[in-house]
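Residue numbers (this note's numbering): 17 to 73.
Even for Gly, the Cβ is constructed at its ideal location relative to N, Cα and C.
Computed from a prediction, not measured in an experiment: that's the story for all the values here.
In what follows, a structure is listed as structure tokens, so that the remarks can point back to it.
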Amino acid sequence: MAEFRPKNKNVLGELWDFLKVRKVWWLAPIIILLVLSGALIIFSQSSALSPFIYALF
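Put into structure tokens, the structure is as follows:
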């Protein structure tokens with residue numbers, strides 16, 4: 017019997033399936049760090065914390 021798979025999967029679902037099937041768990045920390053640094057950049061653009069965050073880099 018064929019496994020049910022939704023036609024419209026989001027990016028995170030596709031990435032999770034890729035990591036499970038291909039067993040490339042070493043990519044997970046890289047992806048997490050990229051997402052966190054991207055979120056930090058987006059949220060710090062109009063914040064009063066910007067000078068302190070930019071001093072870290």
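Can you tell me whether K39 is helix, strand or coil according to DSSP? coil
Quick check on DSSP: helix, strand or coil for S53? helix
Close Cβ partners of L31 (< 8 Å) along its chain, the five nearest in sequence each way excluded: I47
Distance, L43 Cα to F59 Cα: 24 Å
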